[in-house]
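For what it's worth, the numbering used here labels the leading residue of the sequence shown as 48, then goes sequentially.
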Amino acid sequence: MLDLKLDHVGIGVKDLERGRTAYERLGFRLTARSMHSGSPSAGAPIVPWGSGNHCAMLGTGYIEVLGLTDPSRYSSVKDMVARYEGLHIVALGCEDADATFQALSKAGVPVEAPRALERDAAYGPDDKAVRRARFRNIYLDRGPYPEARFLYIEHLTRDVLWQPHLLDHPNGAVALEHVYFCSEDVDALGAKLGGILGTRPERLTPGHGLVGLTRGSVHVFDAAQWAARCGTPAAEGHPAAVGFGVRVKSLAATRQLLLQRGVSIDERDGIWVDPAEGCGATLHFFEENDK
Numbered sequence: 048m049l050d051l052k053l054d055h056v057g058i059g060v061k062d063l064e065r066g067r068t069a070y071e072r073l074g075f076r077l078t079a080r081s082m083h084s085g086s087p088s089a090g091a092p093i094v095p096w097g098s099g100n101h102c103a104m105l106g107t108g109y110i111e112v113l114g115l116t117d118p119s120r121y122s123s124v125k126d127m128v129a130r131y132e133g134l135h136i137v138a139l140g141c142e143d144a145d146a147t148f149q150a151l152s153k154a155g156v157p158v159e160a161p162r163a164l165e166r167d168a169a170y171g172p173d174d175k176a177v178r179r180a181r182f183r184n185i186y187l188d189r190g191p192y193p194e195a196r197f198l199y200i201e202h203l204t205r206d207v208l209w210q211p212h213l214l215d216h217p218n219g220a221v222a223l224e225h226v227y228f229c230s231e232d233v234d235a236l237g238a239k240l241g242g243i244l245g246t247r248p249e250r251l252t253p254g255h256g257l258v259g260l261t262r263g264s265v266h267v268f269d270a271a272q273w274a275a276r277c278g279t280p281a282a283e284g285h286p287a288a289v290g291f292g293v294r295v296k297s298l299a300a301t302r303q304l305l306l307q308r309g310v311s312i313d314e315r316d317g318i319w320v321d322p323a324e325g326c327g328a329t330l331h332f333f334e335e336n337d338k
């Protein structure tokens, strides 16, 4: 089994400001806006892109809301939202990008060599300072894996991202623990994901499989089991990532906040938030002892 942890998920939206408003309404404290830039093609100069992000940093893991700010400019987000708005990025954390690349390559997983990335991030309780966040990312070939945009990430400056004042959320969120996929062939997708996660999938019940990680887990449901689990039918266009699970301090306090804000929820095995509220992604809030 590879030493992989669920690092973050990314929700792609056509309008970043709408995405920010939606996730703040759900009770997340978001980071200041960070604008994207990069090379539109190999060898091209680095230029500003027409997209950016806000992140909800949790005690373990984080949620990235990324969206368009200027549709006339280039952005990799355009391809995401052209397909659908919702959960796209599934990032697996690793301690050593070089060792992870070697292990994945040896296992026949189609990945690129580690790539160094950097971006400026607001720093300090008043966001007045700026620090450089640095990462090393390994990207999975998208062709054979259209279900999500998978990547492996080694953080080099964790203190820049996980600042103490950013970890206190009105909804009580403390950890990103699950990612949910929907597919009509649960076993096939589970085996496929197990190959890139370095672990063997398990069948929990008919229509529901699990692929474990060193921290966190990936669940695969068929359409019937997904609807029974969260109360909302899966959208067309699957297999795909459809939602994620967040552990909270107090489910009662989270429920109270969401209801006060008029958020549509379904209470079964925790609290499920309708994808219309999460910009296309279904959110699952639960406490420590919940499955």
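Cβ coordinates follow ideal geometry from the N, Cα and C atoms, glycine included.
Keep in mind the model is a prediction, meaning the values are calculated, not measured.
Inter-residue spacing [alpha-carbon to alpha-carbon] between Asp316 and Arg276: Counting from one through the sequence shown, the residue named residue 316 turns up at place 269. Counting from one through the sequence shown, the residue named residue 276 turns up at place 229. C-alpha separation (whole angstroms): 8 Å.
Cβ-based burial, Lys239 [other Cβ within 10 Å; buried from 16]: On the sequence shown, residue 239 is found 192 positions in, with the first residue counted as 1. Looking at its Cβ environment, which holds 16 or more other Cβ atoms inside 10 Å, Lys239 is buried.
Cβ neighbours of Glu42 in the same chain (closer than 7 Å, five flanking residues each side left out): Outside the displayed span of the chain (48 to 338) sits residue 42, for which this structure offers no information.
Inside the region 239 to 279 only - alpha helix (DSSP H) runs reaching at least 4 residues: For the alpha helix (DSSP H) assignment, the uninterrupted runs of no fewer than 4 residues enclosed by the region 239 to 279 are, from N- to C-terminal side, 270 to 277.
CB-CB length for Thr301 against Val310, believed under 8 Å: To locate residue 301, count along the sequence shown from 1; it is residue 254. To locate residue 310, count along the sequence shown from 1; it is residue 263. Taking a contact as a CB-CB distance under 8 Å, the pair Thr301 and Val310 does not count as one, their CB atoms being some 10 Å apart.
Range covered by the alpha helix (DSSP H) that runs through Asp145: Stepping through the sequence shown from its first residue, residue 145 is reached at position 98. Where Asp145 is concerned, the enclosing alpha helix (DSSP H) starts and stops at Ala144 to Lys153.
Close Cβ partners of His285 (< 7 Å) along its chain, the five nearest in sequence each way excluded: Numbered from 1 along the sequence shown, position 238 holds the residue referred to as residue 285. These residues qualify, in order along the chain: Cys229 and Ser230.
Three-way DSSP call (helix, strand, coil) for Asp167 in this model: Numbered from 1 along the sequence shown, position 120 holds the residue referred to as residue 167. DSSP places Asp167 in strand when its eight states are reduced to three.
At least three beta-carbon pairs within less than 8 Å, the region 109 to 118 to the region 57 to 76: Touching, yes.
Within 7 Å, strictly: CB atoms of His216 and Ala138: Along the sequence shown, read from residue 1 onward, the residue named residue 216 stands at position 169. Along the sequence shown, read from residue 1 onward, the residue named residue 138 stands at position 91. Cβ atoms of His216 and Ala138: not closer than 7 Å.
Which listed residue (Arg205, Lys125 and Leu251) has its alpha carbon closest to that of Gly108: Locating residue 108 in the sequence shown gives position 61, where the first residue counts as 1. Among Arg205, Lys125 and Leu251, the Cα nearest to that of Gly108 belongs to Arg205.
Bridge partner(s) assigned by DSSP for Cys326: In the sequence shown, residue 326 corresponds to position 279, counting from 1. None, per the DSSP bridge assignment.
Contact test: Leu53 Cβ vs the ligand MN heavy atom, cutoff 6 Å: The ligand MN is not part of the structure shown, which contains no ligands of any sort.
Contact under 7 Å by Cβ, Ala150 with Ala168: Indexing the sequence shown from 1 puts residue 150 at position 103. Indexing the sequence shown from 1 puts residue 168 at position 121. Cβ atoms of Ala150 and Ala168: not closer than 7 Å.
Span separating the alpha-carbon of Gly263 from that of Pro118: Position 216 of the sequence shown, counted from the first residue, corresponds to residue 263. Position 71 of the sequence shown, counted from the first residue, corresponds to residue 118. Cα to Cα, the separation comes out at about 35 Å.
CB of Thr329 within 7 Å of CB of Gly290, strictly: Your numbering for residue 329 matches position 282 in the sequence shown. Your numbering for residue 290 matches position 243 in the sequence shown. Contact flag set, yes.
Arg196 - containing beta strand (DSSP E), residue span: In the sequence shown, residue 196 corresponds to position 149, counting from 1. Arg196 to His202 is the span of the beta strand (DSSP E), which, as asked, contains Arg196.
Limits of the beta strand (DSSP E) - the one that Lys52 falls within: For this step, residue 52 is matched to residue 5 along the sequence shown. Counted as a single uninterrupted DSSP element, the beta strand (DSSP E) harbouring Lys52 occupies residues Lys52 to Val60.
Cα-Cα separation between Arg72 and Ser122, rounded to whole angstroms: On the sequence shown, position 25 is the one that residue 72 refers to. On the sequence shown, position 75 is the one that residue 122 refers to. So the two alpha carbons sit approximately 26 Å from each other.
DSSP beta-bridge partners of Val94: Stepping through the sequence shown from its first residue, residue 94 is reached at position 47. Val94 pairs with Gly85.
Start and end residues, beta strand (DSSP E) containing Tyr70: Locating residue 70 in the sequence shown gives position 23, counting from the first residue. Segment Leu63 to Arg72 is the alpha helix (DSSP H) holding Tyr70; no beta strand (DSSP E) there.
Validate contact between the region 127 to 141 and the region 198 to 212 using beta carbons, cut 8 Å, 3 pairs: Touching, yes.
Beta-bridge partners of Gly340, as assigned by DSSP: The structure shown does not extend to residue 340, since the chain is modelled only from 48 to 338, so the question has no answer here.
Local conformation of Ala129 per DSSP, three classes: As a position in the sequence shown, residue 129 is number 82, starting the count at 1. In the structure shown, Ala129 sits in a helix (DSSP, three-state: H, G or I).
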